[in-house]
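Worksheet: one structure, shown below.
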Amino acid sequence: MARLMATATCTAFRGTLEGSGERVGQRVLLERVCFLAALSQKLTGALVAARWDEESLEVLAAGVDERGEALPSKGWMAMRRLNWPQSLTPPAGVYVPDRVRRGVEEYAARTLRLALHRRTIVTAVLATWPADPRRRTEGEWAALRAVLPAGVSGPEIRNRTRQIRAYLSEHGKLPAGLCVLEGPPQVAPLVVLAAMDRQQVTLARVDEATARLRVKLPLRAAPATGRDWAWHVIGIHLPAAVAPDAVLHTPTLRPTPAGRIAVDLPHTRPAPATKATGHTVALGFDWGVNTLLTGTLGRLTGRGQTRRVVTDGRPLIFDATVTSAALHRLRGHREHLAAKRDHYQALADGLGSPHPAWGDHLDRARVLDIEHGRVCARIRHLNQALAWAAARWAVDQAAALGASIIHLEDLTTLEARGHRRGNARLSGQVRGTVAEAIRHLGARAGIVVITVPARGTSKLCPGCLNTLTHHPAPDRLSERGWKWAHCATCRLSMDRDHAAARRIVSRGLLAQAHTPRPVGRGLTRSDALAAVELLVAPIDVGNADSRLVSPVIPVETGAPCLVLARLREIVVRDRRVAAAAVLAREVHLTVGVVGAEYPLGVPAAADPGPQVERPQARRSGMHPA
């Protein structure tokens, strides 16, 4: 049984002084937490800036001290082993307990250790700097990959190359390293309580919905002695995401811009053990804009060269049209507010303080800035709700259909082109949050999440691997478009995202032997492109004359079946959506979908009579309240 760790963000509203029993309201409690957070930020920033050089980062990357012993995993212990906190001096007249110093050193060590990964990439890029940084040759790529550690993605290389190129164009020379390329990292005002022991903080769970946090907080901004620190007992209401059997760990305190005290509470709970290989039933999902997720079910059958992925052909669609429209409207409103704010600020700067209208322009700019922040917060909250709703829907679909693995399209290298409306819509996507949420919820349900390369998923036909053409609709195949995919070789005709989902699930299932072990956050890549494409067996469609032909292999039998589709139109939310009513005239075959069977045809000797419709696509969507 594995352990799953997550962080729940709670809010502390009030507390109690342990010695006197005096109740401390939210305003006073926030003020005292801000005292400690500001002190931690100041000391951590000074320690990070003092050790922001290539020599210190090299020592930290080596992982050994002066005696050759390995550094501890705990940051504050590693810092003290290297004698780095000796230069850390609090402000004059301020008393800082040793446990608070531990939190400062832990925060600084985490910040510096996070920079080691960036430093490794920058060093490798500088060592193999290409003649044309905008386009590397195959030899330059091979040299770069040889010095880079395993697992470095293309976007990381691209972003660091652009950063170095900007420095080169500004200064006329390459930087000596990361510490020259960047300044010391900025630290946030927060308190890392995990490095402190019982002399500074304790945490106990009262019941299923409540926990009690005891922490020493300063009573004033500049505590002079130990008497200026007092124990505060803070009650924390646990959200429903924290299971009753979860083990709570020491949290992190941070004041928010909204005037709240956020308590980032880590917790662990038992989770089923998972593996990256040996799966036979999977769900593959393709990303979209209005239809955020489009998926399909796949089952792996056969052995060796006869292996193939079969599907029942039903698309699973998470429709986010209404929410996407609301987000698009809010983004336009945000840009309008930002333009007006900048306009009034420019007017005020041009007039100067003696002008009578100077103060009015500043007041208007201040009001617009506040409203701009509120709209941004609303966009963030709506994006968060949309992402977790889509993730919950995807995991529920996988659990209901008996899938043990979910394959997601890897779009980490995708970036906006910088023109037209698609730029804003693409930039505002929440794919990263959705993928992280699916990974977390899937781990709780014992479902593995694997990312597969996106190359060729929308370009190639899932039935014969020939190039697809894309059109506006199935009845407009003579026009160029985007939404509908058509294959001139096997006559496949279906929704573009549905076809891509079929390619994703087949690529993931057939390339399990090439899938690396889960590392880090648990999202891994399945990179065997050639093997997957060669193992996908084409399906002979004969002399079918219909434009809407979908090659589907029944799951139970594994034999090819020609499925003719007749187009019909249905109305969904005042939109006309093309849907396929699938008919079959082969021998009596059934498609098994883990717990349910869907008849696709009638016996060959029987009179066809009324045709049997295929189950319609499952659609799900969310509507803002």
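Residue numbers for the sequence shown follow this note's numbering, so the first one is 11 and each next one is one higher.
We treat Cβ as the ideally placed atom computed from N, Cα and C, and that holds for glycine.
For L307, the residue or residues it bridges with in DSSP
Position 297 of the sequence shown holds residue 307. Paired residue(s): L293.
Going straight from the alpha carbon of G245 to that of L392, what length do you get?
In the sequence shown, counting from the first residue as 1, residue 245 sits at position 235. In the sequence shown, counting from the first residue as 1, residue 392 sits at position 382. One Cα belongs to G245, the other to L392, and the distance between them is close to 29 Å.
Quick one, are the C-beta atoms of C471 and A509 less than 9 Å apart?
As a working mapping, residue 471 is identified with position 461 in the sequence shown. As a working mapping, residue 509 is identified with position 499 in the sequence shown. In this structure, A509 lies closer than 9 Å to C471 by Cβ.
List the residues that DSSP assigns as beta-bridge partners of K226.
In the sequence shown, the residue the question calls residue 226 occupies position 216. W241.
Please specify which runs of the beta strand (DSSP E), each continuous and at least 3 residues long, are wholly inside the stretch 494-518, giving them in chain order.
The qualifying runs are 494-496, 503-505.
If distances are taken between C-alpha atoms only, which option among C20, R341, W94 comes closest to E65?
For the purposes of this step, residue 65 is taken as the residue at position 55 of the sequence shown. It is W94 whose Cα lies nearest to the Cα of E65.
Collapsed DSSP secondary structure at H371 in the structure displayed:
By one-based count along the sequence shown, residue 371 stands at place 361. If DSSP states are grouped into helix, strand and coil, H371 belongs with the helices.
Quick check: what's the CA-CA separation for G149 versus T333?
Here residue 149 refers to the residue found at position 139 when the sequence shown is read from its first residue. Here residue 333 refers to the residue found at position 323 when the sequence shown is read from its first residue. Rounded to the nearest angstrom, the gap between the Cα atoms of G149 and T333 is 46 Å.
For the stretch 162-175 and the stretch 132-140, state whether three or more C-beta atom pairs, one from each stretch, are separated by less than 8 Å.
For the pair of segments examined, the stretch 162-175 was found to touch the stretch 132-140: the number of CB pairs separated by less than 8 Å reaches three.
Restricting to Cα atoms, I'd like to know which of P228, W62, K285 is closest to A47.
By one-based count along the sequence shown, residue 47 stands at place 37. The option with the nearest alpha carbon to A47 is P228.
Relative to the C-alpha of P116, which candidate in T262, T138, A231 has its C-alpha closest?
Within the sequence shown, numbered from 1, the residue matching residue 116 stands at position 106. Residue identity check: residue 116 is Glu in the sequence provided, not Pro. Checking every option, the nearest Cα to that of E116 belongs to T262.
Cβ-Cβ separation, K493 to P482 (assumed contact under 8 Å), whole Å
Taking the first residue of the sequence shown as position 1, residue 482 is located at position 472. Taking the first residue of the sequence shown as position 1, residue 493 is located at position 483. Between K493 and P482 the Cβ distance is about 6 Å, and since that is below 8 Å, they are a contact.
Just to confirm, is the Cβ distance from V58 to P194 under 9 Å?
Here residue 58 refers to the residue found at position 48 of the sequence shown. Here residue 194 refers to the residue found at position 184 of the sequence shown. A contact, by the Cβ cut-off of 9 Å.
Assign C189 to one of three DSSP states: helix, strand, or coil.
One-based indexing of the sequence shown puts residue 189 at position 179. In this structure, DSSP gives C189 a helical state, which the three-state scheme calls helix.
Under a Cβ-count criterion, where at least 16 other Cβ atoms within 10 Å of its own Cβ denotes burial, should G484 be classed as buried or exposed?
On the sequence shown, position 474 is the one that residue 484 refers to. This sequence places Pro at residue 484; Gly is not what is there. Using a 10 angstroms sphere on the CB of P484, the tally of other CB atoms reaches 16 or more, which defines it as buried.
Quick check on DSSP: helix, strand or coil for R33?
As a first step, residue 33 must be located in the sequence shown, where it is residue number 23. The answer is strand: DSSP assigns R33 an E or B state.
When we look at the beta-carbon of H365 and count the other beta-carbons within 10 Å, is it buried (16 or more) or exposed?
Taking the first residue of the sequence shown as position 1, residue 365 is located at position 355. With fewer than 16 Cβ atoms within 10 Å of its Cβ, H365 is classed as exposed.
Proximity to R214 [Cα-Cα], best of D207, A152, L223
The residue you call residue 214 lines up with position 204 of the sequence shown. Reading off the sequence, residue 214 comes out as Ala, not Arg. Of the listed residues, the one whose Cα sits closest to A214 is L223.
Output the distance between the C-alpha atoms of Y177 and T316, rounded to the nearest integer angstrom.
Mapped onto the sequence shown, residue 177 falls at position 167. Mapped onto the sequence shown, residue 316 falls at position 306. Roughly 54 Å between the two C-alpha positions.
So, W86 versus A119, is the Cβ gap smaller than 9 Å?
Along the sequence shown, one-based indexing puts residue 86 at 76. Along the sequence shown, one-based indexing puts residue 119 at 109. A contact, by the Cβ cut-off of 9 Å.
DSSP beta-bridge partners of H277:
One-based indexing of the sequence shown puts residue 277 at position 267. DSSP lists A16, L258 as partners of H277.
Can you tell which of A102, C500, A348 has its C-alpha closest to the C-alpha of V377?
For this step, residue 377 is matched to residue 367 along the sequence shown. Ranking A102, C500, A348 by Cα distance to V377 puts A348 first.
Out of curiosity, what's the CA-to-CA distance linking A521 and H277?
Position 511 of the sequence shown, counted from the first residue, corresponds to residue 521. Position 267 of the sequence shown, counted from the first residue, corresponds to residue 277. Their Cα atoms are separated by approximately 34 Å.
Give me the Cα-Cα distance between W398 and L303, rounded to the nearest whole angstrom.
Working through the sequence shown from its first residue, we reach residue 398 at position 388. Working through the sequence shown from its first residue, we reach residue 303 at position 293. Cα-Cα distance, rounded: 12 Å.
When you compare only the Cα positions, how much space is there between V201 and L421?
By one-based count along the sequence shown, residue 201 stands at place 191. By one-based count along the sequence shown, residue 421 stands at place 411. Between V201 and L421, the C-alpha separation is close to 35 Å.
Opposite A272 in the DSSP bridges: which residues?
Against the sequence shown, residue 272 aligns to sequence position 262. T21, R264.
Taking D217 as part of the alpha helix (DSSP H), name the residues at either end of that continuous run.
Indexing the sequence shown from 1 puts residue 217 at position 207. Annotation for D217: no alpha helix (DSSP H) segment contains it, though the beta strand (DSSP E) segment containing it runs 211-217.
Exposure of A22, with buried meaning 16 or more beta-carbon neighbours within 10 Å:
Position 12 of the sequence shown, counting from 1, holds the residue named residue 22. In the assembly as shown, A22 is a buried residue. Its beta-carbon has 16 or more other beta-carbons within 10 Å.
How many Å lie between V243 and V515 at the Cα?
By 1-based counting over the sequence shown, the position of residue 243 is 233. By 1-based counting over the sequence shown, the position of residue 515 is 505. V243 and V515 have their C-alpha atoms roughly 51 Å apart.
Can you have a look at R351 and say buried or exposed, based on whether 16 or more other CB atoms are within 10 angstroms of its CB?
As a first step, residue 351 must be located in the sequence shown, where it is residue number 341. Here R351 is buried: its Cβ has 16 or more other Cβ atoms, across all protein chains shown, within 10 Å.
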